[in-house]
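Colleague: One structure follows; several queries about it will come next.
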Amino acid sequence: MVHPIDTPIGRLGLSICYDLRFSELSLWNRYKGAEILSFPSAFTVNTGLAHWEALLRARAIETQCYVVAAAQTGKHNEKRSSYGHSMVVDPWGAIVAQCSERVDMCFAEIDTAYVAELRKMQPVFEHRRSDLYTLHVNEIDNDNSPMKFSEFTIAPESIFYRSSLCFAFVNLKPVLNGHVLICPKRVCNHLTDLTDAETADLFVVAKKVQRMLEKVHNVSSSTVCVQDGPEAGQTVKHVHVHVLARRKDDFGCSPDNLYQNLATHDKDPTVRPRSQEEMSAEAAIYREAIKNI
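Structure representation (structure tokens):
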């Protein structure tokens with residue numbers, strides 16, 4: 001999704017007509033710094049009479065943003081007429097400018113100092129109960145910088161997917177063909193150290209990566225696990241999810257033999273670390289494949 005942009009009148013988050021009905025998008029824009037929300041729209045007369053003003057005022061009040069909504073008007077054919085009534089609503093929910101159903105133009109003053117004043121007076125975003133509910137967005141991060149995996153630096157060529165809070169990368173010493181890691185961007189030792197937003201993002205990304213790996217490696221089974229602490233086999237002090245494509249008898253008669261290998265493989269001096277060229281080639285395959293997931 002496109003983040004709000006800086007304009008001469010404040011930070012603007014742009015949506016369109018039908019988006020107005022879904023508060024999550026407006027809330028996401030507010031979280032990303034929006035002071036103004038815009039909804040160019042084409043409501044019909046029936047839906048406009050019933051919902052237009054109520055929805056615009058609701059989005060303004062819940063986000064504490066100005067809402068600017070240009071609206072199509074006029075009769076298109078015997079079965080469709082647009083409502084018009086372009087409107088500007090302030091962050092308190094007051095209508096500060098409005099057109100009629102005719103072709104018209106209205107003007108309103110946008111005061112970002114008023115936005116800041118209201119948010120300070122009624123800090124509803126600070127009062128949200130993130131321990132009870134969160135807003136999760138499947139956001140792709142197109143950054144291309146190296147990432148920290150505890151004290152280690154992961155080259156961008158080894159990273160094949162980035163979300164807003166996590167990244168996925170290929171393994172230096174995989175125990176199987178198709179063994180990758182996902183971890184939060186913030187360095188945390190334990191799974192319980194993650195915020196609810198980080199936890200949700202980590203496992204949403206894990207599902208997406210699993211689906212991609214199964215498709216690339218033509219398998220129908222995977223192991224997804226977290227070694228959370230040294231007694232669980234964790235050797236790098238940074239929470240990470242292992243995702244492994246599984247095949248019949250890949251560890252002999254018991255699929256659970258994997259866990260012994262997982263706990264010891266990176267300590268085995270006979271296991272050769274892969275070159276950056278090898279890892280880059282694998283990551284390039286996954287980077288392309290995950291675009292279609």
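Heads up, the sequence shown is in UniProt numbering, so the first residue is 1 and it goes up one at a time.
Ideal Cβ placement from N, Cα and C applies to all residues, glycine included.
Quick one, are the C-beta atoms of Ala60 and Val89 less than 7 Å apart?
Modeller: Yes, they are a contact pair.
Colleague: Tell me which residues share the same chain as Gln276 and place their Cβ nearer than 7 Å to its Cβ, disregarding the 5 neighbours each side in the sequence.
Modeller: Here the set comprises Ala155, Glu157.
Colleague: Going by DSSP, what residues sit across from Tyr161 in a beta bridge?
Modeller: Tyr161 is bridged to Ala168.
Colleague: Could you pull the DSSP bridge partners for Phe203 from this structure?
Modeller: According to DSSP, which records beta bridges pairwise, Phe203 is partnered with nothing at all.
Colleague: Are Pro273 and Lys173 touching if we call contact CB-CB under 7 Å?
Modeller: Taking 7 Å as the Cβ cut-off, Pro273 and Lys173 qualify as a contacting pair.
Colleague: One question on the structure: do Val239 and Cys166 come within less than 7 Å of each other, judged by their Cβ atoms?
Modeller: Cβ distance not < 7 Å, so Val239 and Cys166 don't count as in contact.
Colleague: Going residue by residue through the segment 108-193, where are the continuous alpha helix (DSSP H) segments of at least 4 residues, counting only ones entirely within it?
Modeller: Runs found: 112-121.
Colleague: Whose CA, out of Val45, Gly229, Leu213, lies closest to the CA of Thr223?
Modeller: Closest option to Thr223, Cα to Cα, is Leu213.
Colleague: Between Val175 and Val236, what straight-line distance do the alpha-carbon atoms span, to the nearest angstrom?
Modeller: In a straight line, the C-alpha of Val175 is about 16 Å away from that of Val236.
Colleague: Determine, using beta-carbon pairs with one atom in the segment 44-54 and one in the segment 76-89, whether at least three such pairs fall under 8 Å.
Modeller: Contact holds: three or more Cβ-Cβ distances are below 8 Å.
Colleague: Just verifying my parser: in three-state terms, what is the DSSP assignment at Ala50?
Modeller: Helix.
Colleague: Got a sec? Which residues, its chain only, sit under 7 Å from His3 by beta carbon, not counting five neighbours each side?
Modeller: Lys32, listed in sequence order.
Colleague: Answer yes if the segment 93-105 comes into contact with the segment 61-73, meaning at least three C-beta pairs across the two stretches below 8 Å, and no otherwise.
Modeller: Yes: the two stretches touch, three or more of their Cβ pairs being nearer than 8 Å.
Colleague: According to DSSP, is Thr195 helix, strand or coil?
Modeller: The answer is coil: DSSP assigns Thr195 none of H, G, I, E or B.
Colleague: Please identify the residue among Arg119, Asp256, Tyr114, Ala206 whose C-alpha is closest to the C-alpha of Ile9.
Modeller: Considering only alpha carbons, the answer is Tyr114.
Colleague: By a C-beta neighbour count over all protein chains shown, 10 Å radius and 16 as the cutoff for buried, is Ser145 buried or exposed?
Modeller: The residue in question, Ser145, is exposed, as its Cβ has fewer than 16 Cβ neighbours within 10 Å.
Colleague: If I follow the unbroken alpha helix (DSSP H) through Arg287, where does it start and stop?
Modeller: Start and end: 276-289.
Colleague: Which of the three DSSP states, helix, strand or coil, is assigned to Asn218?
Modeller: In this structure, Asn218 counts as coil in the three-state DSSP scheme.
Colleague: Is DSSP giving Met1 helix, strand or coil here?
Modeller: Here Met1 sits in coil by DSSP.
Colleague: Would you give the residue range spanned by the alpha helix (DSSP H) that Ala42 belongs to?
Modeller: Run containing Ala42: none; DSSP gives neither H nor E here.
Colleague: Flag this pair as yes or no: are the beta carbons of Val219 and Arg247 separated by less than 7 Å?
Modeller: Closer than 7 Å, so yes.
Colleague: Over what stretch of residues does the alpha helix (DSSP H) that includes Tyr259 continue unbroken?
Modeller: Start and end: 258-264.
Colleague: How big is the Cα-Cα spacing for Asp266 and Gln234?
Modeller: Near 10 Å, if we compare the C-alpha coordinates of Gln234 and Asp266.
Colleague: Rounded to a whole number of angstroms, what is the C-alpha to C-alpha distance between Pro13 and Thr7?
Modeller: Correcting the residue identity first, residue 13 is Gly in this sequence and not Pro. Rounded to the nearest angstrom, the two C-alpha atoms are 10 Å apart.
Colleague: Ala113 CB to nearest chain D CB: under 7 Å?
Modeller: The structure shown contains no chain D; it holds only a single protein chain.
Colleague: Let's see if you can read the secondary structure: which residues bound the beta strand (DSSP E) around Ser81?
Modeller: Here the beta strand (DSSP E) through Ser81 covers 80-83.
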